[in-house]
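These notes concern the structure reproduced below.
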Amino acid sequence: RAVHAIGLCRYLPEFLAAIRLKRAEQALATKALLVGRLHSLLEAARSRLWEKRQRALRRWRVAFYTVSLARSLMVQARARRLQKAMRKFWLLRTRLHEWATNKAEEAVLEAERRAAEEERLEAERQKAEEQARQAEAR
15 RAVHAIGLCR YLPEFLAAIR LKRAEQALAT KALLVGRLHS LLEAARSRLW
65 EKRQRALRRW RVAFYTVSLA RSLMVQARAR RLQKAMRKFW LLRTRLHEWA
115 TNKAEEAVLE AERRAAEEER LEAERQKAEE QARQAEAR
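Heads up: take any position in the sequence shown, counting from 1, add 14, and you land on this note's numbering.
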């Protein structure tokens, strides 16, 4: 009996250590499995977050380029409108200048013609008065 008691006393600590070791192995294996699953979930979440950031960055880039393109197109359209307006202005200016010059020359010629006509009429009137005086004096 004493041999069995001594053997049992020697065996129990080893047996309890083996039970603790087995429980620790099971807990560690469970935690390792859980960490493995969580790691894959964490990596998937990180990749989704990275993709979301990339999409947001692309949207910002596209918005920036769109605004930049719209502004450059507006500047080009404004420049085209200005060129068109300047072309019309110079066309009208040259044509109106020619027209005004011609009309001014015509007005000067008309004024000279009227003045000559008035001088001729005045000369005829004076000649008629002179003839009437001479006829009365006779």
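Just so it is clear, CB atoms sit at the ideal spot from N, CA and C, and this is done for glycine as well.
Query: Cα separation between L47 and R85?; Result: 57 Å
Query: Using the Cα positions of Q90 and Q97, report the straight-line distance between them to the nearest angstrom.; Result: 10 Å
Query: Under three-state DSSP, which class holds R107?; Result: helix
Query: Note down, in chain order, each residue of its chain lying with its Cβ closer than 6 Å to the Cβ of K117, except the 5 sequence neighbours on either side.; Result: none
Query: Determine the direct distance from the alpha carbon of R72 to that of M100, and round the result to whole angstroms.; Result: 41 Å
Query: Under three-state DSSP, which class holds R152?; Result: coil
Query: For R15, name the three-state secondary structure that DSSP assigns.; Result: coil
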